[in-house]
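J.: Dropping the structure in here first, questions after.
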Amino acid sequence: MVNIEEIVRRAREQADADARERVRQLLRARPAEWLVEQLIVQTMGATGHGSLPLRRSEEDDRQAEQDRALRLDRIRAWRLDRARLTGLVLRYRELTRERLEAEGYLLHPPQRGGDLIEARHRSPAAAALLEEAKDLLYALLFGGDEAEVRLDRVKRELLTLTLPRAKSHTLAFLLRAATESGTEGTWRDPRRAAADDDRAAQVGLRVAYGETADALVGHGIAAALRLINHLEVNEPVLHARMENAAEGTLE
């Protein structure tokens with residue numbers, strides 16, 4: 034004869050099976066990149082919360098230094114001043130995601146909020162534009178006499194940028210110079226047209242930079258980040274704040 038303990042045990046087993054199936058369905062709906070990141074966090078811990086960072090090899094360091102040298106050469110060729118920066122900001126602001134797709138810069142890219150936009154989704158012109166935008170971001174954050182950046186910086190500002198940890202390597206040069214903290218995403222797309230970052234592993238990057246009296250550097254940083262997002266990071270919104278200059282989301 035079945036007793037009450039047996040009834041409770043069976044009910045719990047059924048509830049457990051139902052819960053597992055529900056979790057399985059929810060996980061299947063998440064991007065593969067998000068699942069990989071969650072496994073890394075579960076097994077290794079989240080960087081910025083007491084875990085040891087992965088060691089960089091000497092080859093990684095040599096490659097990073099070589100990339101930096103090439104970037105500085107490209108920036109020096111600009112002789113970046115107010116006039117050139119103003120022109121770049123105006124041009125970047127016109128390059129919306131829709132225009133980049135319509136004019137063939139982006140080739141069948143993944144939906145906004147999905148995977149990174151890989152090289153195969155960028156035309157040669159888009160690849161050059163992405164490199165230029167990253168060079169500009171580097172110049173505005175770190176460029177001085179060595180890079181022949183000729184801007185009258187009169188005050189210090191702080192850029193705070195939040196993006197998915199799984200995509201943070203797209204701004205590797207920024208990672209090496211910024212203060213990092215881990216967090217969890219809470220943004221939801223009200224239209225549900227793209228994946229949201231709810232509870233996704235996020236990384237917050239903070240880096241100080243020199244600003245001009247009229248916040249032109251901040252405008253340049255915002256324009257460069259927005260374009261980098263359109264061409265590679267591929268978030269619905271990229272959360273950035275520049276204290277005492279501008280704050281908000283870069284769509």
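Okay, so the sequence shown: first residue is 34 according to our numbering, each after it adds one. Cβ coordinates follow ideal geometry from the N, Cα and C atoms, glycine included. Here the structure is a predicted model, which means the values were calculated and not measured.
#1: What residues are listed by DSSP as bridge partners for residue 242?
#2: Sorted by chain position, which residues of the same chain lie with C-beta nearer than 7 Å to residue 225's C-beta, five sequence neighbours on each side aside?
#3: Go through its chain and collect everything with a Cβ distance to residue 246's Cβ below 7 Å, but skip five positions before and after it.
#4: Hey, how far is the Cα of residue 129 from the Cα of residue 176?
#5: Would you identify the three-state DSSP class for residue 57, choosing helix, strand or coil?
#6: What does DSSP give as the partner residue(s) for residue 139 in the beta ladder?
#7: Would you mind reading off the limits of the alpha helix (DSSP H) that contains residue 150?
#8: Quick one: is residue 168 buried, meaning 16 or more other Cβ sit within 10 Å of its Cβ, or exposed?
#9: Label residue 234 either buried or exposed according to how many other C-beta atoms from any shown protein chain fall within 10 Å of its C-beta, with 16 as the threshold for buried.
#10: Report yes if the CB atom of residue 145 is closer than 7 Å to the CB atom of residue 269, and no otherwise.
#11: According to DSSP, is residue 203 helix, strand or coil?
#12: Considering only their Cβ atoms, is the gap separating residue 138 from residue 158 smaller than 7 Å?
#13: Could you please give the first and the last residue of the uninterrupted alpha helix (DSSP H) stretch that includes residue 252?
#14: Short of 7 Å in beta carbon distance, which residues of its chain neighbour residue 87, apart from the five on each side in sequence? Order them along the chain.
#15: Report the rounded CA-to-CA distance for residue 201 versus residue 236, giving the unit in angstroms.
#16: Taking residue 264 as the reference, give the member of 127, 149, 243 with the closest Cα.
#17: Between residue 274 and residue 203, is the Cβ-Cβ spacing less than 7 Å?
#18: Determine the DSSP secondary structure at residue 121, reduced to helix, strand or coil.
T.: Quick look at the numbers:
#1: 190
#2: With a pLDDT of 42 at residue 225, under the threshold of 50, the predicted position of this residue should be treated as unreliable, though the coordinate-derived value follows. The answer is none, since no qualifying residue turns up.
#3: 187
#4: 26 Å
#5: helix
#6: Residue 139 pairs with 155.
#7: Premise fails: residue 150 is in no alpha helix (DSSP H) and is neither H nor E.
#8: buried
#9: buried
#10: yes
#11: helix
#12: yes
#13: 249-261
#14: Only weak support is given to the placement of residue 87: the predicted model assigns it a pLDDT of 48, under 50, and the question is left unresolved by the model.
#15: 7 Å
#16: 149
#17: Not in contact: residue 274 and residue 203 (Cβ atoms no closer than 7 Å).
#18: helix
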